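S.K.: Going by UniProt numbering, the first residue of the sequence shown is number 1, and it counts up by one from there.
C-beta atoms are modelled at their ideal positions from N, C-alpha and C, and glycine is treated no differently.
None of the values given here were measured: they were computed from a predicted structure.
Attaching a single structure in structure tokens format; questions to follow.
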Amino acid sequence: MSQSKELQCYNRGCGNKYNPEENKQDSCTFHPGAPFFHDAYKGWSCCNKKTVDFTEFLNTKGCTKGFHSDVKPVEPEKPKKESSPPSAGEQIFSPQAPNRKIEPPKPRPPFDTPMVLLPCTVSPSLSQALKQRASSVADPSRGDANQLVPGTSCKNGGCKETYGDCSSECRFHSGVPIFHEGMKYWSCCQRKTSDFSAFLAQEGCTTGDHLWIKKKEGDSKRTSCRYDWHQTGSHVIVAIYAKFAQPELCRVEAGPIRLRPHIEFGDNQEFEVDLELRGVIDPAASSVQLMGTKVEIKLKKAEAMSWNVLSVPRAEPAPVADTPKSDTEAVTQRVDAVDLSDL
Numbered sequence: 001m002s003q004s005k006e007l008q009c010y011n012r013g014c015g016n017k018y019n020p021e022e023n024k025q026d027s028c029t030f031h032p033g034a035p036f037f038h039d040a041y042k043g044w045s046c047c048n049k050k051t052v053d054f055t056e057f058l059n060t061k062g063c064t065k066g067f068h069s070d071v072k073p074v075e076p077e078k079p080k081k082e083s084s085p086p087s088a089g090e091q092i093f094s095p096q097a098p099n100r101k102i103e104p105p106k107p108r109p110p111f112d113t114p115m116v117l118l119p120c121t122v123s124p125s126l127s128q129a130l131k132q133r134a135s136s137v138a139d140p141s142r143g144d145a146n147q148l149v150p151g152t153s154c155k156n157g158g159c160k161e162t163y164g165d166c167s168s169e170c171r172f173h174s175g176v177p178i179f180h181e182g183m184k185y186w187s188c189c190q191r192k193t194s195d196f197s198a199f200l201a202q203e204g205c206t207t208g209d210h211l212w213i214k215k216k217e218g219d220s221k222r223t224s225c226r227y228d229w230h231q232t233g234s235h236v237i238v239a240i241y242a243k244f245a246q247p248e249l250c251r252v253e254a255g256p257i258r259l260r261p262h263i264e265f266g267d268n269q270e271f272e273v274d275l276e277l278r279g280v281i282d283p284a285a286s287s288v289q290l291m292g293t294k295v296e297i298k299l300k301k302a303e304a305m306s307w308n309v310l311s312v313p314r315a316e317p318a319p320v321a322d323t324p325k326s327d328t329e330a331v332t333q334r335v336d337a338v339d340l341s342d343l
């Protein structure tokens, strides 16, 4: 018999080709039931053979013998969902996206907004490093004994000793004085008081050498320092890498969009930069910490937004155009330029 007369059997579980002339009562072995899939099990409803492996399910031999059939089995119809029309008094509500109020961005403050001095704290690592440095390196700012007169007062903050009368080491405040909302305190020890006399009487929190001659402005050498930054959700942290920062000579000023640190460190070295910040900050909630190898400035963001850069180029003021001169002024200038001495 030629192969062109063979037909495809569509009985479930068979799938073989057959010759219609040789189709008998027991030629086909198939599953008369339907496949089912439940709780990871796969099987046939006719013989209740279950397995969790899909390949094994496909290879399960039929449980019934009969004729081959070239008619595809009828698939069971899926139940249709009947939707009843809404009644006359029934209301249909369609879900709507919540209306979110989009707030416009806050206006950017001007660059020349008055700045404030940020409170500064000195880390224990810097205090220890400065103490070791003072004992090993002669500091000319400590003064020459031949140039000092008895009675000269110590220039360190919080020290009341005078030259010639003191025999102990200096106890002073390494930070800067802070005056904020009626409170007075030193940035290094944070002992706050509202009484100015009590503030002046506060004993120093750091020990070291007396400073009899204060360094004059202009003695430092301007230099450049490497600085970088990173951010969190609420703060921008700027790190200026300057070793042996001098707490009594450093100051960091900040405005809403401006940062101006002045750092004196090392051997009379000085670094200063004036930046226009990318975003807006809250200077009252910002602070500075002096460390052994760097100065860390922690700026509080005024708005919860991500900064792509730390600073932006400062906008230069537009040049004032020259006012065109009137014809009268031009004639006057030409007349003044004539030499009348020959007439």
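In three-state DSSP terms, what is Q132?
M.R.: helix
S.K.: Assuming the contact rule is C-beta atoms closer than 8 Å, V238 and L310 should be a hit. Round their C-beta distance to whole Å, please.
M.R.: 7 Å
S.K.: Going straight from the alpha carbon of K24 to that of F37, what length do you get?
M.R.: 32 Å
S.K.: Could you check whether the region 13-27 touches the region 53-66, counting it as contact only if at least three pairs of C-beta atoms, one from each stretch, sit closer than 8 Å?
M.R.: yes
S.K.: With contact counted as at least three CB pairs below 8 Å, one residue from each stretch, are the region 203-210 and the region 224-233 in contact?
M.R.: Taking 8 Å as the limit for Cβ pairs, the verdict is that the region 224-233 does not touch the region 203-210.
S.K.: Taking the alpha-carbon of H31 as reference, which of A40, C46, E22 has the nearest alpha-carbon?
M.R.: C46
S.K.: Note down, one range per segment and in chain order, each beta strand (DSSP E) of at least 3 residues found wholly within the UniProt domain "CS" (222-311).
M.R.: 227-231, 235-240, 251-255, 258-265, 269-272, 281-290, 295-301
S.K.: Just checking my contact of S287 with K298 at CB under 8 Å: how many whole Å lie between their CB atoms?
M.R.: 5 Å
S.K.: Sort out for me which residues DSSP pairs T207 with in a bridge.
M.R.: R171
S.K.: Taking the alpha-carbon positions, what's the T55 to G66 distance?
M.R.: 24 Å
S.K.: Should Q128 be labelled buried (16 or more other beta-carbon atoms within 10 Å of its own) or exposed?
M.R.: exposed
S.K.: Label E270 either buried or exposed according to how many other C-beta atoms from any shown protein chain fall within 10 Å of its C-beta, with 16 as the threshold for buried.
M.R.: With 16 or more Cβ atoms within 10 Å of its Cβ, E270 is classed as buried.
S.K.: Sort out for me which residues DSSP pairs C28 with in a bridge.
M.R.: G66
S.K.: Under the assumption that C188 contacts S197 (Cβ atoms under 8 Å), give the Cβ distance between them as a whole number of angstroms.
M.R.: In fact, because the Cβ distance is near 20 Å, the residues do not count as touching under 8 Å.
S.K.: Report back the beta-carbon spacing between G266 and K243 to the nearest angstrom; my notes put them in contact at under 8 Å.
M.R.: 6 Å
S.K.: Might you give, ordered along the chain, the residues of its own chain that have their beta carbon closer than 7 Å to the beta carbon of K131, omitting 5 neighbours on each side?
M.R.: Within the same chain, G208 come within 7 Å of K131 by CB-CB distance, once the 5 residues on both sides are set aside.
S.K.: In angstroms with no decimal places, state the Cα-to-Cα distance between V236 and G255.
M.R.: 14 Å
S.K.: Can you tell me which residues form a DSSP beta bridge with G43?
M.R.: F36, K50
S.K.: Report the three-state DSSP secondary structure of A138 (helix, strand or coil).
M.R.: For A138, the pLDDT reaches just 45, beneath the cut-off of 50, and the residue's location in the model is therefore unreliable, although a value from the coordinates is still provided. A138: coil per DSSP, three-state reduction.
S.K.: Under the rule that 16 or more other beta-carbon atoms within 10 Å means buried, what is F172, buried or exposed?
M.R.: Burial call: buried.
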